[in-house]
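Enquirer: Before I ask anything, here is the structure I am working with.
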C-alpha cells in the first residue's frame, strides 16, 4: 500500500491532481441523485470537498489557492461571454428593476447584520465576517480585513467567522429557492415573461397597394420610413425578383418582408394588404417556394469580416443577394446595414444559387473551423479581467481603495467582450459545448478546492462555544433576505421565476446556486439576470464591508 500512501498522503503535483479529481468525480456522481425531484447537482462537489478535508485529505496550499482562483476566474469569465450578447439589451429593458431588487437583498442582509451587532454586542470583525460568509463574498472579506488592519484590529476572527458561515451560505440560497418554488410558485410563474426576446425578427408577406410607395425604389422607401426592414423577395406576376436597393416597387407586387417584431403593423400601413400566412414556422422549406431563388444559411468564418458593418460589404451590388437575418448563438437579428458581423454568425442569404455560391466563398462558411474553440482569446480575456480586478477604486470616506477582485473583474470583461468584441475586432467565438464545458469545469475546480479548504477546520470551529451561534446567525442572514425579496418580486407578477432565481443568486454572489437554477429551469433567464446584477451587487458588498468596519 506504500504506493497508495505516496499518491494520497505526500504533497506533490500528482497527489493534488488525484485528490481534486476524486472530489469532483464523487461530487458529480452524487449530483445525479434526486430526492423528491430535487437535485443539488454540482453543489455536491462542495460537500464532498468538506468531507475530504475533514477526513484529513489536503493538498499543497499554493496549489490549492491557484486551482481555486483559476476555477473561479474561468467560470465567471466564460459566464460573462455567454450572457454578453444579451446583457446590454437586458440592462436597458429590465436591468434597473433587477438591480433594485438585488440592492433590496443586500441592504436587508446588511441591516440584519447591524441589528445583530447591537443585540449580541459582537465585535465588528465577527459581524463583518458573518456577513461575508453568509453572502459567500470572499472579495468583501479581503476588503474588510484590510479595513480592520487600518484601525488596528486583527482580521483572523473575521476570516474564521466567514469560514464557519460560508458552507450554509452557499446552500442557504438553494434551500430558499427550493422553498419558494415548492410553496409559492405557480405554473404561470415558470413561463418567461418575454419568451420571444431571443428572436427579434418577423417575416410577413404583403401586397403593394399603397400609392405612396408604388414607383419608388426600395432605398427611397427605406429613407421615407424610420423603421428598418429587409425585402428578400418580390413576386411580380410569374416573375421572381431578388430585389436590389434600386429596384422599384409596382402596384400589386407581392413582397416578402423581414422586419422587427414590433414593426409588423406599421409595415402593413406602409405597403398595403397583408397576406394571411404564417412564414415564421420552423418547418418551412424556403427552397421549395420558388425554383429560381434559393435561401441558404452561411457561416462567417473569415476573420477579416469580424466587426465589419453589413452595409460596408455591399452584398446586393457585388453579388446580387440579400441578407435577411443574422443568427448569433440563440439570438436572431434583423440584417440591417449598421449591424456589425461577428465571427461565427450564421447569415440567411437569399439569391440565385450561382450568386449564393459566390458569396459563400466570401463569407468562408467553414464549419470545421468553428469546431475549434479560440483558446487564445479566452485566456487573453481572463488576463484582462484580472487586470481590471486589481485596479484600485478610491471612494469618499474610505481610507483603503476597493477592488473588483478575481470574481468581479473577469465577469465584467467577459460581458464586455461578449457584447462589444466585434467593435474592438476581438474574436470571442466559442462553441456552445466548449463554453458549457469551461463553465462547468471552472465551477467544479472552484468548489472542490473551496470545500477542501473549509473542511479541515469546519467541525472543530462549529462545535466551539461561538460556532453554533455563528452558524445560526449566518444562515438567517442568508435565507431571510432571499425569501422575503424573492416572494415580493414574485408577487409583482412582472418577473418570471427563472429571472428571480438569477437575481437572487447574483445578489448573493453564489455561482453554485446559479448552477442549480440553470439545471432545474429551462432557458438562459437565470444566467442573464445573474450577470445583470452581479457586478453592481458584488461592488456594493465590497464597499459595505469596509463601511461597516469604519462605522461600527
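Residue numbers (the numbering used here): 534 to 1085. Glycine included, every Cβ here is placed at the ideal spot set by N, Cα and C. As the structure is a prediction and not an experimental result, all values here were calculated from the model.
1) Expressed to the nearest angstrom, what Euclidean distance is found between the alpha-carbon atoms of residue 775 and residue 810?
2) Could you please give the first and the last residue of the uninterrupted beta strand (DSSP E) stretch that includes residue 793?
3) Exposed or buried, residue 927, counting other C-beta atoms within 10 Å across all chains shown (16 or more means buried)?
4) Rounded to whole angstroms, what is the Cα-Cα separation between residue 956 and residue 655?
5) When the Cβ atoms of the segment 744 to 760 are set against those of the segment 704 to 717, are three or more pairs found closer than 8 Å?
6) Residue 830 bridges to which residues according to DSSP?
7) Can you give me the start and stop residues for the beta strand (DSSP E) that residue 774 sits inside?
8) Residue 1032 to residue 885, Cα distance in whole Å?
9) Would you say residue 794 and residue 735 are within 9 Å of each other, going by their C-beta atoms?
10) So for residue 590, helix, strand or coil by DSSP?
11) Look at the Cβ atom of residue 631, then the Cβ atom of residue 1062, and state whether they are nearer than 9 Å.
12) Mind checking which residues open and close the beta strand (DSSP E) that includes residue 740?
13) Count the other CB atoms within 10 Å of the CB of residue 993; is the residue buried (16 or more) or exposed (fewer)?
14) Could you give the distance in angstroms between the alpha-carbon of residue 888 and the alpha-carbon of residue 858?
15) Quick one: what does DSSP say residue 698 is sitting in, helix, strand or coil?
16) Taking the alpha-carbon positions, what's the residue 1058 to residue 650 distance?
17) What three-state label does DSSP hand residue 729 in the structure shown?
18) Out of 737, 751, 1023, state which residue places its alpha-carbon closest to the alpha-carbon of residue 780.
19) Looking only at its own chain, which residues have a Cβ that is under 8 Å from the Cβ of residue 860, when we skip the five neighbours before and after it?
20) My output table needs one value for residue 1082: the three-state DSSP class, helix, strand or coil.
21) For a quick check, are the C-beta atoms of residue 897 and residue 849 less than 9 Å apart?
22) With contact counted as at least three CB pairs below 8 Å, one residue from each stretch, are the segment 1006 to 1014 and the segment 697 to 704 in contact?
23) For residue 912, count neighbouring C-beta atoms within 10 Å of its own C-beta (all shown protein chains included) and say buried if the count is 16 or more, exposed if not.
24) Kindly indicate which three-state DSSP category residue 1048 falls into: helix, strand or coil?
25) Can residue 978 and residue 600 be called in contact, C-beta distance under 9 Å?
26) Grab the span of the alpha helix (DSSP H) containing residue 756 for me, first residue to last.
27) How many Å lie between residue 1069 and residue 616 at the Cα?
28) I need the straight-line Cα distance from residue 586 to residue 614, nearest angstrom please.
29) Kindly confirm or deny that the segment 1015 to 1023 and the segment 1033 to 1053 touch, where touching means at least three C-beta pairs closer than 8 Å.
30) State buried or exposed for residue 1073, treating a residue as buried only when at least 16 other CB atoms are found within 10 Å of its CB.
31) Pull the bridge partners of residue 842 from the DSSP assignment, please.
32) Alpha carbons only, please: which of 763, 940, 725 is nearest the one belonging to residue 804?
33) I'd like to check one pair, residue 900 with residue 788: are the Cβ atoms closer than 9 Å?
34) Any chance you could list the alpha helix (DSSP H) runs of at least 4 consecutive residues sitting entirely within the segment 1006 to 1059, in chain order?
35) Using 8 Å for Cβ pairs, my map puts residue 722 next to residue 1029. What's the rounded Cβ distance?
36) Leaving aside the five residues before and after residue 981 along the sequence, list all residues of the same chain whose C-beta is less than 6 Å from its C-beta, in chain order.
Expert: Per the coordinate set shown:
1) Taking the straight line joining both Cα atoms gives about 21 Å.
2) Residue 793 -> beta strand (DSSP E) spans 787 to 793.
3) Taking a 10 Å sphere around the C-beta of residue 927, we find fewer than 16 other C-beta atoms and assign the residue as exposed.
4) Answer to the nearest angstrom: the Cα atoms are 52 Å apart.
5) No: the two stretches stay apart, fewer than three of their Cβ pairs being nearer than 8 Å.
6) Residue 830 pairs with 881.
7) Residue range 772 to 774 is occupied by the beta strand (DSSP E) that includes residue 774.
8) Going from the Cα of residue 1032 to the Cα of residue 885 covers about 44 Å.
9) In contact: residue 794 and residue 735 (Cβ atoms closer than 9 Å).
10) Residue state, collapsed to three classes: coil.
11) A contact, by the Cβ cut-off of 9 Å.
12) For residue 740, the enclosing beta strand (DSSP E) covers residues 734 to 741.
13) Taking all protein chains in view, the Cβ of residue 993 is surrounded by fewer than 16 other Cβ atoms within 10 Å, so the residue is classified as exposed.
14) One C-alpha to the other measures close to 17 Å.
15) DSSP places residue 698 in the helix class (H, G or I) of the three-state scheme.
16) Rounded to whole angstroms, residue 1058 to residue 650 spans 37 Å at the Cα level.
17) A caution first: residue 729 carries a pLDDT of 47, below 50, which makes its placement in the model unreliable, though a value can still be read off. Looking at residue 729 - three-state DSSP - the assignment turns out to be coil, as it is neither helix nor strand.
18) For residue 780, the nearest C-alpha among the options comes from 751.
19) 830, 866, 878, 879, 880, 881.
20) Three-state DSSP puts residue 1082 in a helix.
21) A distance of 9 Å or more separates the beta carbons of residue 897 and residue 849.
22) The segment 1006 to 1014, when compared against the segment 697 to 704, does touch it at the 8 Å Cβ threshold.
23) Burial call: exposed.
24) Residue state, collapsed to three classes: helix.
25) Cβ distance < 9 Å, so residue 978 and residue 600 count as in contact.
26) Residues 751 to 757.
27) Rounded to whole angstroms, residue 1069 to residue 616 spans 16 Å at the Cα level.
28) The alpha-carbon separation between residue 586 and residue 614 amounts to approximately 33 Å.
29) Between the segment 1015 to 1023 and the segment 1033 to 1053, the count of C-beta pairs closer than 8 Å reaches three or more; the two stretches touch.
30) Counting Cβ neighbours within 10 Å, residue 1073 comes out buried, since at least 16 surround it.
31) Looking at the DSSP output, residue 842 sits in a beta bridge with 873.
32) Measuring from the Cα of residue 804, the nearest candidate turns out to be 763.
33) In this structure, the beta-carbon distance from residue 788 to residue 900 does not fall below 9 Å.
34) Runs found: 1030 to 1040, 1044 to 1053.
35) 6 Å between Cβ atoms; contact.
36) Cβ neighbours of residue 981 beyond the five flanking positions: 553, 556, 557, 578, 582.
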